[in-house]
Ligand code: SAM
């Protein structure tokens, strides 16, 4: 997968792309990321990417022309699925991560200040929010999306099995994990995990995942129940 990022703070990506699994994904050729400085596409001596809002009010608004110019330059080399990071977008989740992992090229556009002039919407394919809170800029959301999407790409994780039972893959949270020591200050690892009985371990994990989901994220189960009910109604069975 290739990702183009458009930002006024390109250096912010160095550390995240230069560490851990993302670094390895780049080294293995599974992922390439090119970060573009939006200022390079701004006009005038000061290369301003923002201006005061029409209608008055606090804050600055990011201008539409530099974004359009930058997108045009980026897409001259590689067309991509264009995503605007904004709190007003659809909330990012594992399903969206899976959908995006099927795309060859994506372009992430990061805002700042009050966000972009609304007219950028004509030039993008989707608006994405990473959650119901407001960050200073779109760079952290862009990094979050790159991370969540690239770990789903074949060959990025050392063991493909590790994503199979991860939280949200089956609309359940992950099952609890344990490692050595088997006894930590009297708190023992569940005996079934030491039993060597794989069927019993699998059943225990499924049950624990369900318990944890009920406790921490009952909304996930309600969603699954609703989907099942709709499917049953559709098939008439
Ligand atoms: N005035 C905007 C609002 O109230 O919706 C907030 C703008 S925010 C301070 C500046 C930029 O940060 C946004 O243009 C966007 O790129 C990014 N941003 C902030 N929170 C975000 C979120 N939850 N999801 C995605 N992007 C976000």
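Residue numbers (our numbering): 464 to 700. By construction, the Cβ of each residue, glycine as well, lies at the ideal position given by its N, Cα and C atoms.
Cβ contact annotation for residue 556 (same chain, cutoff 8 Å, sequence separation greater than five): 631, in chain order. At a cut-off of 7 Å, the beta-carbon of residue 584 does not count as near the ligand SAM: no heavy atom of the ligand is closer than that.
Taking C-beta atoms as the reference points, residue 544 and residue 588 count as a pair closer than 8 Å.
In the same chain as residue 500, and ignoring 5 residues on each side of it, the C-beta atoms closer than 8 Å to its own belong to 470, 471, 473, in chain order. Counting of Cβ neighbours within 10 angstroms places residue 578 among the buried residues, the total reaching 16 or more. Look at the segment 519-553 and you find these whole runs of alpha helix (DSSP H), each 4 residues long or longer: 527-540. 465 is the residue among 690, 489, 465 whose C-alpha sits nearest the C-alpha of residue 540. The residue from 516, 649, 633, 657 with its alpha-carbon nearest to that of residue 640 is 657. If you draw a straight line from the Cα of residue 580 to the Cα of residue 518, it comes to about 13 Å. Residue 521 sits exposed, since fewer than 16 C-beta atoms from the chains shown fall within 10 Å of its C-beta. In terms of Cβ geometry, residue 515 and residue 523 form a close pair [threshold 8 Å]. Per DSSP, the unbroken alpha helix (DSSP H) holding residue 613 starts and ends at 602-613.
For residue 549, the shortest separation between its Cβ and any heavy atom of the ligand SAM lies below 7 Å. The continuous stretches of alpha helix (DSSP H) do not include residue 577, and DSSP gives it neither H nor E. According to the DSSP secondary-structure assignment, residue 496 is paired through a beta bridge with 466. In this structure, the straight-line span from the alpha carbon of residue 508 to that of residue 687 is close to 55 Å.
Taking residue 583 as the centre and dropping the five residues before and after it, the same chain places the C-beta of 527, 530, 547 closer than 7 Å to its C-beta, in chain order.
Under the criterion of beta carbons closer than 8 Å, residue 618 and residue 497 do not qualify as touching, at roughly 20 Å. In the DSSP assignment, residue 567 is bridged to no other residue. In this chain, the beta strand (DSSP E) harbouring residue 589 covers 589-592.
The ligand SAM never approaches residue 638 closely enough for any of its heavy atoms to be under 7 Å from the residue's Cβ. Annotation for residue 671: the continuous alpha helix (DSSP H) segment containing it runs 661-679. Remark: the C-beta of residue 599 is in contact range of the ligand SAM, defined as less than 7 Å to any heavy atom. Proximity of the beta carbon of residue 593 to the ligand SAM is indicated: a heavy atom of the ligand is located closer than 7 Å.
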